[in-house]
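Residue numbers are given in full-length UniProt numbering: position 396 of the sequence shown equals residue 396, and the series is strictly consecutive. Each remark here refers to the structure printed beneath this line.
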Amino acid sequence: MAYYALLSVSHVLENTLHHDDRYLIHDEKQKSSFLLEKVRFLLDFLDNSSQKSIKAIESLESRIRDAAYKAGDIIESHIRRRYFQESKHQKEKNFFSILQDELAKVIKEIDTIKKMVDNMEDETDVQDLHRRTSSLVASSKSPRNLESKMVGLDDSMRKIRNQLTRGPSNLITVSIVGMGGIGKTTLARKVYEDEIILSHFHIRAWVTVSRDYKFYNTKEIFLSLLDSMGKLTIQDHEKTLEELKQLFRKKLLGTTFLIVMDDVWDTKVWDRVKRLFSNNNDKSRIMMTTRLGSVARKVSPPPQGPHHMRFLTEEESWSLFCANVFGKDRCPCELEPVGKKIVQNCRRLPLAIVVVAGLLSKATRTVHHWTNVGENLSSLIDSNGEQCSKILSLSYKNLPHHLKACFLYFGIFQKYSDINVSTLFKLWVAEGFINSAENKTLEDMAEENLLDLVDRNLILVSERSSIGKIKTCMIHDLLHDLCVREVQREKFFHVTDWNLHSIPNGNSLRRLILPSVSVKSSTD
1 MAYYALLSVS HVLENTLHHD DRYLIHDEKQ KSSFLLEKVR FLLDFLDNSS QKSIKAIESL
61 ESRIRDAAYK AGDIIESHIR RRYFQESKHQ KEKNFFSILQ DELAKVIKEI DTIKKMVDNM
121 EDETDVQDLH RRTSSLVASS KSPRNLESKM VGLDDSMRKI RNQLTRGPSN LITVSIVGMG
181 GIGKTTLARK VYEDEIILSH FHIRAWVTVS RDYKFYNTKE IFLSLLDSMG KLTIQDHEKT
241 LEELKQLFRK KLLGTTFLIV MDDVWDTKVW DRVKRLFSNN NDKSRIMMTT RLGSVARKVS
301 PPPQGPHHMR FLTEEESWSL FCANVFGKDR CPCELEPVGK KIVQNCRRLP LAIVVVAGLL
361 SKATRTVHHW TNVGENLSSL IDSNGEQCSK ILSLSYKNLP HHLKACFLYF GIFQKYSDIN
421 VSTLFKLWVA EGFINSAENK TLEDMAEENL LDLVDRNLIL VSERSSIGKI KTCMIHDLLH
481 DLCVREVQRE KFFHVTDWNL HSIPNGNSLR RLILPSVSVK SSTD
């Protein structure tokens, strides 16, 4: 949480300079202003580097966070002492020299890292081009993921298949939107491989775009699409982007095609390729999957709109579990009660069900063992379902900095609880997570942040008011577990079990959560 550590320090400095400046001597005011400039520089740096998946930056963030926390502690301690000792006129000459020494180390390191990042990006573009292209091409050939079986959702499949094969003759885009692990890709793949779809479209192509599209160029997208169509030759890799575009247009000319763009995180990729899909009134279609409502609405505007994925029913969840554990066999009677309890704890999320089923399919089929799995479900999903954890954490890692702390704050609430948004907004504001904006209240900005998290399918709406505003919300269990893991790693807060020996030593502890007094319900 380097960003919010810096934001907190900037708030402290701004408040000190504007309201508590009487506690500073002239030299300290100058140094405060200088320090504030450095903090703002660091904030800008993190803003500009938020999407760079470079380990050096992640390591640097922890150093910035720790230095910022220390800076905030020193500033607030100084003001507090000055407040109580104002009449004594005592001066602390080494206050800002200590503070500047700490931040100077980080700023110097940032200058070095920024140069490294620039060099690394240039080298990565050349050295990793073939690796990334191969990855994209491989995914275009074989659109497979962890969720290998689809149970239920027949209604969704029929609806999407009808949208693809019926309706207007002009080119339209059908988008599927939902949280990570809910089965978007599985549904799209089942539709893609459906016999009616196979007979309806002359050409089909599939490309998995992923969140790292910005590190790829458009040429790689077209190479992947051509490869998926079975139209790619060795010589095509040497063609320019314009030559590939012409080749792609030529392959699609006079055909009815279906293009699937899986896991799209940004509308930029759509803006760059949509002009290549000719609209010849031949009932060709584009199908897209995304976690982001903003992307889905752009490519599938009203009246059609996006298709929102739903959670499985309890019956569908049990069927998916049994299909992955027992195949065509039935679940033994003695395992059914504990098995259904395990499935219930997966909270109707297909990815979680498949991960647990994969573990149990290779394990001893005894009531004792299954009971043990049920009691340790969260940790087992985390340790045995690396892909599950990665899929869910992608949504968090892709958040802009101003939303990360707001999302992680859901970890202070108990699982399964409906959260009153009015209480949530007050907590966000009190923590300093909400930036002010012209002509908008802090509550308005907090509401925008919540709507953004809902739009990204990270937070679920529980209840709305009569005018459509969110009254209560909640977070899925597995995302709650993700919050708790991340906040511990980021030193955002510490969860204790009342054992004083479990509380970390030192000054790194910022927030302490006690299990029995965490925020529980919408009425708290």
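No residue lacks a Cβ here, since even glycine has one placed at the ideal position from N, Cα and C.
DSSP state of residue i mapped onto helix, strand, coil
i: Glu448; result: helix
i: Trp265; result: coil
i: Cys322; result: helix
i: Arg161; result: helix
i: Ala2; result: helix
i: Leu247; result: helix
i: Val317; result: Sequence inspection shows Ser at residue 317; the Val mentioned does not correspond to that position. Of the three classes helix, strand and coil, the one that applies to Ser317 here is helix, per DSSP.
i: Glu490; result: coil
i: Glu438; result: coil
i: Leu136; result: Annotation note: pLDDT 42 at Leu136 (below 50); position unreliable, no value reported.
i: Arg285; result: strand
i: Thr185; result: helix
i: Asn372; result: helix
i: Leu512; result: strand
i: residue 528; result: Residue 528 falls outside the range modelled here, since the chain spans only 1 to 524, and no answer is possible.
i: Arg40; result: helix
i: Lys31; result: helix
i: Leu153; result: coil
i: Ser389; result: helix
i: Phe433; result: coil
i: Lys190; result: helix
i: Gln45; result: The sequence given here has Phe at residue 45, not Gln. The answer is helix: DSSP assigns Phe45 an H, G or I state.
i: Arg65; result: helix
i: Ser228; result: helix
i: Asp455; result: helix
i: Gly254; result: coil
i: Pro168; result: coil
Residues bridged to residue i (per DSSP)
i: Ala205; result: Ile259
i: Glu463; result: Thr472
i: Ser175; result: Met288
i: His308; result: Val177
i: Met419; result: Residue identity differs from the one stated: residue 419 is Ile in this sequence, not Met. Beta-bridge pairing links Ile419 to Cys473.
Reference residue i, options the options, closest by Cα
i: Asn198; options: Gly183, Ile172, Arg161; result: For clarity, residue 198 is Leu in the given sequence; the question names Asn instead. Checked all of Gly183, Ile172, Arg161; the closest Cα to Leu198 is Arg161.
i: Glu220; options: Arg272, Ser169, Leu399, Ser175; result: Arg272
i: Asp194; options: Met150, Trp370, His401; result: Met150
i: Val367; options: Ile353, Pro337, Ile203, Arg63; result: Pro337
i: Asn435; options: Val461, Ala405, Ile459, Leu458; result: Ala405
i: Asp266; options: Ser294, Asn280, Phe248, Phe277; result: Ser294
i: Leu13; options: Ala2, Glu37, Met1; result: Glu37
i: Ser389; options: Asp477, Glu315, Val343; result: Asp477
i: Asp329; options: Lys340, Arg310, Ser361, Cys346; result: Ser361
i: Trp428; options: Tyr192, Lys251, Leu408, Pro302; result: Leu408
i: Gly411; options: Asn324, Ile259, Phe492, Ile64; result: Phe492
i: Glu443; options: Ala430, Asp455, Leu453; result: Ala430
i: Asp227; options: Thr218, Glu242, Ala205, Val209; result: Ala205
i: Leu187; options: His18, Lys469, Leu351, Lys426; result: Leu351
i: Leu424; options: Lys340, Asn439, Asn449; result: Asn449
i: Arg63; options: Ser77, Ser32, Met1, Ile75; result: Met1
i: Pro306; options: Ser156, Arg275, Lys190; result: Ser156
i: Leu225; options: Ile196, Ile286, Asn280, Ile182; result: Ile286
i: Asn420; options: Val461, Gly178, Asn279, Asp455; result: Val461
i: Ile196; options: Gly178, Arg158, Phe222; result: Arg158
i: Asn398; options: Phe433, Asp452, Glu447, Ala357; result: Asp452
i: Thr290; options: Glu316, Glu314, Ser278, Asp263; result: Asp263
i: Cys473; options: Val454, Glu486, Asn48; result: Val454
i: Leu312; options: Ser77, Pro301, Arg347, Phe326; result: Arg347
Own chain residues within Cβ distance below 6 angstroms of residue i, not counting five before or after
i: Gly240; result: For the sequence presented, residue 240 should be read as Thr rather than Gly. Result list for Thr240: empty, nothing under 6 angstroms.
i: Ala68; result: Ala5, Leu6, Val9
i: Asn457; result: Gly178, Met179, Arg291
i: Thr371; result: Val338
i: Glu61; result: Ala2
i: Lys341; result: Gly374
Rounded distance between the beta-carbons of residue j and residue i, thought under 8 angstroms
i: Thr165; j: His200; result: 5 angstroms
i: Thr173; j: Met288; result: 6 angstroms
i: Leu512; j: His494; result: 6 angstroms
Closer than 7 angstroms: residue i CB and nearest the ligand PLP heavy atom
i: Arg80; result: Here there are no bound small molecules, and the ligand PLP is not part of this structure.
Residues of its chain near residue i, where Cβ-Cβ distance is below 8 angstroms and the 5 sequence neighbours each way are ignored
i: Thr256; result: His200, Phe201, His202, Ile203, Asp282, Lys283, Ser284
i: Phe248; result: Phe222, Leu225, Leu226, Leu276
i: Phe229; result: First, the residue type needs correcting, since residue 229 is Met and not Phe in the sequence shown. Only Ile203, Arg204, Ala205, Lys251 meet the Cβ criterion.
Minimum Cβ-Cβ distance from residue i to chain B less than 8 angstroms
i: Glu375; result: The chain labelled as chain B is not found in the depicted structure, where only one protein chain is given.
Same chain, Cβ closer than 7 angstroms to residue i, neighbours up to 5 away in sequence not counted
i: His369; result: Ala363
i: Val299; result: Thr173, Ser175, Trp270, Met288
i: Trp32; result: What sits at residue 32 in the sequence shown is Ser, not Trp. The answer, listed in chain order, is Leu13, Thr16, Leu17, Leu24.
i: residue 525; result: Lying before the first or after the last residue shown, residue 525 is absent from the chain, which here runs from 1 to 524.
i: Gly432; result: Leu7, Ser8, His11
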